[in-house]
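Trainee:
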Amino acid sequence: MIRMLICCGGGFSSSYLSVRMQKEIKNKHLEDYYQIDFQSFSLIEEKMDNYDVILCCPHLRISLEIFLKNHNSTVPFYLIPPRMYGRMELDEIVTDALDIIDLFKNRSANPVYFPSENNILTVKRYKAYHHVHKGF
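Each residue of the sequence shown is one higher than the one before, starting from 444 at the first, in this note's numbering.
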């Protein structure tokens with residue numbers, strides 16, 4: 444089972460995204476494969492080690508950089524591209540999450556970025572990196 448934690452500033456948009464994705468997981472009978480929870484970023488330290496990947500909303504870019512300078516994490520952190528965060532498509536977010544986990548295994552650097560996406564606020568894609576860049 445892949446355990447994902449979605450974070451935003453106050454937990455409001457991440458709770459909406461999480462609930463929406465949990466319903467889709469249930470409708471597709473994927474409960475044995477994926478678990479998606481939410482958490483306010485200010486409380487991330489309490490739960491982060493219980494997950495395989497931490498997915499952060501795009502506006503947490505600076506907060507995440509500061510957090511990671513002060514915390515050593517064995518869990519990959521990923522900033523979801525703005526358009527992807529707005530669309531909230533389960534398949535696309537799960538695909539990125541799985542790829543991020545693999546990238547982290549090879550590099551162990553946080554936050555994890557896809558090639559040429561270091562500035563997440565300039566990323567225009569709303570589909571998974573893997574689906575946009577077929578050779579990835």
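Using N, Cα and C, we set each Cβ at its ideal position, and we do this for glycine too.
Given the structure is predicted, the values throughout are model-derived calculations rather than measurements.
Can you tell me which of the three DSSP states Tyr477 falls into?
Mentor: strand
Trainee: For Tyr494, which residues does DSSP report across the bridge?
Mentor: In DSSP, Tyr494 forms no bridge with anything.
Trainee: Just verifying my parser: in three-state terms, what is the DSSP assignment at Tyr528?
Mentor: DSSP, reduced to helix, strand and coil, places Tyr528 within a helical segment of the structure shown.
Trainee: With Ile468 and Ile479 assumed to form a contact (beta carbons below 8 angstroms), what rounded beta-carbon distance in angstroms separates them?
Mentor: 7 angstroms
Trainee: Who are the near neighbours of Leu541 in its chain, counting only those whose CB is closer than 8 angstroms to its CB and skipping five residues on each side?
Mentor: Ile445
Trainee: Beta-carbon within less than 8 angstroms of Cys450's beta-carbon, same chain only, minus the 5 sequence neighbours each way: which residues are those?
Mentor: Once the five neighbours on either side are set aside, the close Cβ partners of Cys450 are Ser457, Phe481, Gln482, Ser483, Phe484, Ile487, Ile497, Leu498, Cys499, Cys500 and Leu503.
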